[in-house]
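Novice:
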Amino acid sequence: MATADQSAAEVSQTKQSALIPEGVTYRLVSVLLMIAAWQVISILVSPKYVPGPWSTFIAVAKHAGSGALLKNFLATIVRMLSSFALSMIVGVTLGTLMGLFRRGERMLDLWVMVGLTVPSLCYVIISFLWLGLNDRAAILAISWTTFPSIAINIWQGVKAIDQRLIDMARVFRASRWRRTVRVVLPQVLPYLMAATRFGLGVVWKVTVLVELLGRSDGIGYMLNYSFQMFNMPDVFAWTLSFTVFMVIIELGILKPLERKLFRWRPEISG
Amino acid sequence: MATITIDIISKLFRSRAYPEGLLALDNIRFGVADREFVCLVGPSGCGKSTVLNLIGGLDRNYTGRIEIDSRPLSHDGSHPVRVGYVFQEPRLLPWLTVRKNIYFALESIGVPHSEWRQRTETWLEKVGLAGFADSHPHELSGGMQQRSAIARAFAVDPEILLMDEPFSGLDELTARSMRQQILELWDTTRKTVLFVTHNSFEASYLADRILIMSPRPGRLRQEMKVELPRPRNYESSQLFEFSVQVTRLLTHGGNGM
Chain A
29 MATADQSAAE
39 VSQTKQSALI
49 PEGVTYRLVS
59 VLLMIAAWQV
69 ISILVSPKYV
79 PGPWSTFIAV
89 AKHAGSGALL
99 KNFLATIVRM
109 LSSFALSMIV
119 GVTLGTLMGL
129 FRRGERMLDL
139 WVMVGLTVPS
149 LCYVIISFLW
159 LGLNDRAAIL
169 AISWTTFPSI
179 AINIWQGVKA
189 IDQRLIDMAR
199 VFRASRWRRT
209 VRVVLPQVLP
219 YLMAATRFGL
229 GVVWKVTVLV
239 ELLGRSDGIG
249 YMLNYSFQMF
259 NMPDVFAWTL
269 SFTVFMVIIE
279 LGILKPLERK
289 LFRWRPEISG
Chain B
234 MATITIDIIS
244 KLFRSRAYPE
254 GLLALDNIRF
264 GVADREFVCL
274 VGPSGCGKST
284 VLNLIGGLDR
294 NYTGRIEIDS
304 RPLSHDGSHP
314 VRVGYVFQEP
324 RLLPWLTVRK
334 NIYFALESIG
344 VPHSEWRQRT
354 ETWLEKVGLA
364 GFADSHPHEL
374 SGGMQQRSAI
384 ARAFAVDPEI
394 LLMDEPFSGL
404 DELTARSMRQ
414 QILELWDTTR
424 KTVLFVTHNS
434 FEASYLADRI
444 LIMSPRPGRL
454 RQEMKVELPR
464 PRNYESSQLF
474 EFSVQVTRLL
484 THGGNGM
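Each protein sequence line maps, in turn, to chains A and B.
All you need for this note's numbering is the position in the first sequence, starting with 1, plus 28.
All you need for this note's numbering is the position in the second sequence, starting with 1, plus 233.
#1: Can you give me, in chain order, the residues of the region 286-311 of chain B that have a beta carbon less than 8 Å from any beta carbon in chain A?
#2: Can you list, in chain order, the stretches of the beta strand (DSSP E) that have 3 or more residues and sit fully within the region 249-276 of chain B?
#3: Just to confirm the assignment, what range does the beta strand (DSSP E) spanning B:Y318 have?
#4: With distances taken Cα to Cα, identify the nearest neighbour of B:I242 among B:E253, B:R262, B:K333, B:E322.
#5: Three or more C-beta pairs closer than 8 Å, one from the region 196-206 of chain A and one from the region 215-229 of chain A: is that the case here?
#6: Classify B:G317: buried if its beta carbon has 16 or more other beta carbons within 10 angstroms, exposed otherwise.
#7: In or out: B:R463 buried (at least 16 other Cβ within 10 Å) or exposed?
#8: Are the CB atoms of B:T283 and B:T425 nearer to each other than 8 Å?
#9: In the DSSP assignment, what residue or residues form a beta bridge with B:S410?
#10: Are at least three pairs of beta-carbons, each pair with one atom in the region 143-162 of chain A and one in the region 229-244 of chain A, less than 8 Å apart?
#11: Please name the residues in the region 55-80 of chain A whose beta-carbon is closer than 9 Å to at least one beta-carbon of chain B, in chain order.
#12: What residues are listed by DSSP as bridge partners for B:E300?
#13: Which residues in the same chain have their Cβ closer than 7 Å to the Cβ of B:F337, if we skip the five residues on either side of it in sequence?
#14: Measuring CA to CA, which of A:L144, A:T84, A:A222, A:R55 is closest to A:T267?
#15: Taking only runs that begin and end inside the region 159-205 of chain A, name each unbroken alpha helix (DSSP H) of 4 or more residues, in chain order.
#16: Taking 8 Å as the threshold (beta carbon to beta carbon), is B:W356 in contact with chain A?
#17: Determine the direct distance from the alpha carbon of B:K244 to that of B:T296, and round the result to whole angstroms.
#18: In chain order, what residues of the same chain have a beta carbon less than 6 Å from the beta carbon of A:V211, not counting five sequence neighbours either side?
#19: Would you tell me roughly how many angstroms separate the C-alpha atoms of B:D292 and B:N286, rounded to the nearest one?
#20: Kindly indicate if chain B contains any beta-carbon less than 8 Å away from that of A:P294.
#21: So B:P448 contacts chain A; which residues on that side make the cut at Cβ distance below 8 Å?
#22: Name, please, each residue of chain B whose Cβ falls closer than 8 Å to the Cβ of A:R192.
#23: Verify the CB distance criterion: does A:V216 have a CB-CB separation below 8 Å to chain B?
#24: I need the DSSP call for B:R454, collapsed to helix, strand or coil.
#25: What residue does the alpha helix (DSSP H) around A:T145 start on, and which one ends it?
#26: So which residues on chain A does B:F365 lean against when the C-beta distance must stay under 8 Å?
#27: So the beta strand (DSSP E) B:I443 belongs to, where does it begin and stop?
#28: Compare the C-alpha of B:R423 against each of B:E392, B:G289, B:I239, B:N294 and name the closest.
#29: Got a sec, what are the start and stop residues for the alpha helix (DSSP H) B:T283 sits in?
#30: Taking only three categories from DSSP, how would you classify B:T330?
#31: Would you kindly work out how many angstroms separate the C-alpha atoms of B:G290 and A:G119, rounded to a whole number?
#32: For B:L245, write down the residues that DSSP places opposite it in a beta bridge.
#33: May I ask you to report which of helix, strand or coil DSSP gives A:A46?
#34: Taking just the CA atoms, how far does B:K458 sit from B:S410?
#35: Would you say the region 349-369 of chain B touches the region 379-387 of chain B, given that touching needs at least three Cβ pairs under 8 Å?
#36: Looking at A:A166 and A:V231, is the spacing between their C-beta atoms short of 8 Å?
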């Protein structure tokens with residue numbers, strides 16, 4: 029789909045060295061090209077099945093005006109953030125335990141792998157059966173799907189900690205607190221960042237799925253509703269709004285955060 | 234007064250391969266006088282780094298007694314003196330600049346904030362890195378990183394200086410200039426130094442006294458006083474002949490080495 033390609037093209041740009049002006053030019057050009065390609069595909073296939081950019085933008089404006097955009101976005105975001113927080117807490121705790129203690133690793137690694145491979149649909153159905161068609165079940169399902177990937181990232185991060193740097197800090201009489209905060213934490217930070225990125229990506233997808241299956245508001249619900257009504261411009265409109273929001277998070281929050289935290293890293297030149 | 238008195242009866246490493254414990258050190262007994270530069274020389278695996286770890290407080294697990302400045306090194310977390318330690322790798326925190334790395338050590342060891350800037354700049358200048366205080370470690374060469382680590386060790390104004398093969402990871406030219414520089418730095422501050430190496434020439438050039446260790450289990454085989462005059466001359470034939478003697482002692486009479 030054109031909109032999915034568009035967001036993928038923008039999000040996959042991982043050049044950390046891109047100064048803001050340079051990145052904006054490239055990205056702007058790619059966005060415009062994508063919109064052009066989208067228009068072409070729409071004409072070639074049929075505007076009935078693949079609405080073009082213009083009718084999609086009109087649909088978005090309609091939702092914005094009616095307040096539906098805000099209402100459904102809010103519902104989705106609340107579910108997303110709660111699940112993300114829960115998955116991070118569980119995932120980071122488990123990952124840390126697995127990284128620090130071999131016994132913990134041996135006991136938990138199997139279940140983390142299982143957790144990772146079970147289709148999210150299973151968690152969604154089981155949660156709804158268990159807790160009913162409500163937001164508690166939604167958050168459980170989303171968190172359940174997400175925490176294994178976070179745990180794995182943190183697990184690897186903790187195992188990768190350089191004991192030699194800790195020894196250096198010990199020899200200069202750094203307290204345990206200082207060693208943990210000033211020597212261990214900065215080493216785990218890149219893995220936390222990766223876990224966040226990954227976790228958010230999974231949370232996005234599963235939230236929409238959960239809403240489609242068992243909630244009565246939110247982006248996922250609206251996507252499904254529009255599809256059932258065969259209102260293709262609306263389907264595209266919700267997809268586009270969703271995508272744009274995700275891109276704003278990536279470019280407005282995650283990338284600057286990453287740039288700031290990892291300024292010291294040597295750049296890989298290819 | 235920073236003297237070191239070592240009386241290690243035994244040091245065991247326990248692991249799955251050696252559950253009863255592998256004897257790493259056996260009756261290591263020696264002293265380092267105040268302001269003396271002593272080199273501990275031995276083949277790889279003889280336990281010389283282990284001795285340094287024990288003195289530095291990184292490893293508390295041994296049978297015996299270590300005293301620094303006549304104060305015993307306890308088997309728990311505390312340590313009686315300020316230790317400056319230079320490892321084989323620079324061990325700089327990669328996300329901090331050179332300056333911040335030194336500040337980290339100064340802060341950890343308890344130097345007042347007001348002294349940080351001046352100490353850092355003084356010592357960076359002495360090791361020839363005056364303009365590089367705000368560079369990150371990855372922007373520096375291996376030799377420059379190691380020099381930063383040396384500046385860090387001196388900046389904390391340690392009572393004893395422990396160095397574990399600090400130049401073995403460097404190319405010969407850089408290592409040579411570092412050896413000369415370390416002697417210059419030591420000459421102005423006259424700290425008590427225990428320097429570990431497997432290089433008999435390096436030991437002969439640097440030390441007042443050389444202690445030769447035998448391979449595992451590490452034992453002290455021989456002690457040699459280095460009577461060569463200071464400042465030492467890198468090209469001196471006397472130095473070379475002396476180092477040949479050291480090498481001979483290192484290789485002769487070992488376990489078939």
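Idealized CB from N, CA, C, for every residue including glycine.
Specialist: With the structure as the only source:
#1: G289, G290, L291
#2: Runs of the beta strand (DSSP E) inside the region 249-276 of chain B: 255-265, 270-274.
#3: The sequence position of residue 318 of chain B within the second sequence is 85, counting from 1. Where B:Y318 is concerned, the enclosing beta strand (DSSP E) stretches over 316-319.
#4: Locating residue 242 of chain B in the second sequence gives position 9, counting from the first residue. Here the closest residue by C-alpha is B:R262.
#5: The answer is no - the region 215-229 of chain A does not touch the region 196-206 of chain A, with fewer than three Cβ pairs under 8 Å.
#6: Position 84 of the second sequence, counted from the first residue, corresponds to residue 317 of chain B. Buried is the call here.
#7: The count along the second sequence starts at 1 and reaches residue 463 of chain B at position 230. That one is exposed.
#8: As a working mapping, residue 283 of chain B is identified with position 50 in the second sequence. As a working mapping, residue 425 of chain B is identified with position 192 in the second sequence. Going by C-beta atoms, B:T283 is not nearer than 8 Å to B:T425.
#9: The sequence position of residue 410 of chain B within the second sequence is 177, counting from 1. Per DSSP, none; premise fails for B:S410.
#10: yes
#11: none
#12: Here residue 300 of chain B is taken as the residue at index 67 of the second sequence, counted from 1. Looking at the DSSP assignment, B:E300 forms a beta bridge with B:T238, B:P305.
#13: Your numbering for residue 337 of chain B matches position 104 in the second sequence. Around B:F337: L326, L329.
#14: As a first step, residue 267 of chain A is located in the first sequence; it is residue number 239 there, counting from the start. Ranking A:L144, A:T84, A:A222, A:R55 by CA distance to the CA of A:T267 puts A:T84 first.
#15: 163-187, 191-199
#16: For the purposes of this step, residue 356 of chain B is identified with residue 123 of the second sequence, where counting begins at 1. Chain A contact via Cβ: absent.
#17: Here residue 296 of chain B refers to the residue found at position 63 of the second sequence. Here residue 244 of chain B refers to the residue found at position 11 of the second sequence. Their backbone Cα atoms lie some 6 Å apart in a straight line.
#18: Position 183 of the first sequence, counted from the start, is the residue given in the question as residue 211 of chain A. Here the set comprises L193, I194, A197.
#19: Along the second sequence, read from residue 1 onward, the residue named residue 292 of chain B stands at position 59. Along the second sequence, read from residue 1 onward, the residue named residue 286 of chain B stands at position 53. Approximately 6 Å between the Cα atoms of the pair.
#20: In the first sequence, residue 294 of chain A corresponds to position 266, counting from 1. Chain B, which has a Cβ nearer than 8 Å to the Cβ of A:P294, makes this yes.
#21: As a working note, residue 448 of chain B is residue 215 in the second sequence. Chain A residues near B:P448: none, gap ~24 Å exceeds 8 Å.
#22: Numbered from its first residue, the first sequence carries residue 192 of chain A at position 164. Simply F320, E322, R324.
#23: Within the first sequence, numbered from 1, the residue matching residue 216 of chain A stands at position 188. When Cβ-Cβ separations below 8 Å define contact, A:V216 makes no contact with chain B.
#24: By one-based count along the second sequence, residue 454 of chain B stands at place 221. Strand.
#25: Mapped onto the first sequence, residue 145 of chain A falls at position 117. Segment 130-145, the alpha helix (DSSP H) holding A:T145.
#26: Taking the second sequence and counting its residues from 1, one reaches residue 365 of chain B at position 132. Within chain A, no residue comes near B:F365; the closest Cβ sits about 15 Å away, beyond 8 Å.
#27: What you label residue 443 of chain B is simply residue 210 of the second sequence in a count that begins at 1. 442-447 is the extent of the beta strand (DSSP E) around B:I443.
#28: Against the second sequence, residue 423 of chain B aligns to sequence position 190. The shortest Cα separation from B:R423 among B:E392, B:G289, B:I239, B:N294 belongs to B:E392.
#29: Residue 283 of chain B sits at position 50 when you count from the first residue of the second sequence. Run containing B:T283: 281-289, per the alpha helix (DSSP H) assignment.
#30: Here the question's residue 330 of chain B lines up with position 97 in the second sequence. In this structure, B:T330 counts as coil in the three-state DSSP scheme.
#31: Against the second sequence, residue 290 of chain B aligns to sequence position 57. Against the first sequence, residue 119 of chain A aligns to sequence position 91. Spanning the two alpha carbons is a distance of roughly 35 Å.
#32: Sequence index remark: in the second sequence, residue 245 of chain B carries index 12 (1-based). BP columns for B:L245 point to B:L256.
#33: The residue given as residue 46 of chain A occupies position 18 in the first sequence. Reliability fails at A:A46, whose pLDDT of 49 lies under 50, so the model's placement of it is uncertain and the value that follows must be treated cautiously. Correct three-state label for A:A46: coil.
#34: Taking the first residue of the second sequence as 1, we reach residue 410 of chain B at position 177. Taking the first residue of the second sequence as 1, we reach residue 458 of chain B at position 225. Going from the Cα of B:S410 to the Cα of B:K458 covers about 24 Å.
#35: Using a C-beta cut-off of 8 Å, the region 349-369 of chain B makes contact with the region 379-387 of chain B, since at least three inter-stretch Cβ pairs fall below that distance.
#36: The sequence position of residue 231 of chain A within the first sequence is 203, counting from 1. The sequence position of residue 166 of chain A within the first sequence is 138, counting from 1. Cβ atoms of A:V231 and A:A166: not closer than 8 Å.
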